[in-house]
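*Asks:*
Shown next, in the form of structure tokens:
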């Protein structure tokens, strides 16, 4: 008759199981990241000369400032890239899609003001106040703004995830890489973890929330 495991042996097996789960989770995250990067690499453009022209550019929102009030360089470089694409004739209109949690936090309006200061006319700027997540921004570009062919504007790591979502929603999207930020380690770590979530959104959850944003 098989004797029951003693307490010490049970604890050892428990921790071995936890370690195994962590190991396979890390492998899964790594494979998701490789999949998304390599499946979108040919549509993520770094050169303005090689970038195809589109009528519409989709600017993905981020906070204007970081903790302490300093300028968020991801935001600054993204706005500069969007303004450059418009001035060079690579896009004719810009959809500014971001979070608008309250009267005190309004990413689309911040982007609008910044782009106007960079010389982009107000009449080509379209504000999307319900871009709470990248998935929301992409699906709203399709469902609310009736765009199936457009240029995504963000940093290259973010672009890869946005392109993956767009491609799996049947959209003809390309992306232009805004200048990267060498010190944005926390942002890159969050992006690394967000990519598996994007795969879940597309293949498992399918729960994008797109609702009409209130006109302001």
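Numbering (this note's numbering), first residue to last: 897 to 1112.
C-beta: ideal position from N, C-alpha, C; glycine also.
Owing to the predicted nature of the structure, the values given are computational and were not obtained by experimental measurement.
Taking 8 Å as the threshold (C-beta atoms), are residue 1077 and residue 970 in contact?
*Replies:* It is a contact, given that the beta carbons lie within the stated cut-off.
*Asks:* Locate the beta strand (DSSP E) running through residue 1046, then write down its first and last residues.
*Replies:* Its beta strand (DSSP E) spans residues 1045 to 1050.
*Asks:* Return the chain-ordered list of same chain residues with a C-beta closer than 6 Å to the C-beta of residue 949, the five sequence neighbours on each side being excluded.
*Replies:* Hits under 6 Å: 986.
*Asks:* Determine the burial state of residue 917: buried for a count of at least 16 other Cβ atoms within 10 Å of its Cβ, exposed for fewer.
*Replies:* The residue is exposed, with fewer than 16 neighbouring Cβ atoms inside 10 Å.
*Asks:* By how many angstroms is the C-alpha of residue 915 removed from the C-alpha of residue 1012?
*Replies:* If I take the Cα positions, the gap works out to 52 Å.
*Asks:* Could you check whether residue 941 and residue 1072 sit closer than 8 Å to each other, using their CB atoms as the reference points?
*Replies:* Yes; because the gap between Cβ atoms is below 8 Å, this pair is in contact.
*Asks:* Quick check on the DSSP output: the beta strand (DSSP E) that includes residue 1024 runs from which residue to which?
*Replies:* Start and end: 1021 to 1024.
*Asks:* Kindly list the residues whose CB is nearer than 6 Å to the CB of residue 988, restricted to its own chain and excluding five residues on each side of it in sequence; keep chain order.
*Replies:* Contacts found: 951.
*Asks:* Under 8 Å, with one C-beta from each stretch per pair, do the stretch 1082 to 1101 and the stretch 1050 to 1057 reach the 3-pair mark?
*Replies:* A contact exists between the stretch 1082 to 1101 and the stretch 1050 to 1057.
*Asks:* By how many angstroms is the C-alpha of residue 1044 removed from the C-alpha of residue 1037?
*Replies:* Distance between the alpha carbons of residue 1037 and residue 1044: 8 Å.
*Asks:* If the criterion is Cβ atoms closer than 8 Å, does the pair residue 957 and residue 1066 meet it?
*Replies:* No.
*Asks:* Where does residue 1068 fall in DSSP's three states?
*Replies:* In this structure, residue 1068 counts as strand in the three-state DSSP scheme.
*Asks:* Per the contact definition of three or more C-beta pairs closer than 8 Å, is the stretch 1008 to 1022 in contact with the stretch 962 to 982?
*Replies:* Touching, per the Cβ criterion.
*Asks:* For residue 941, list the residues DSSP reports as bridge partners.
*Replies:* Its beta-bridge partners are 1072.
*Asks:* Which same chain residues, not among the five before or five after residue 842, have their C-beta less than 6 Å away from its C-beta?
*Replies:* The structure shown has nothing for residue 842, since the chain only spans 897 to 1112.
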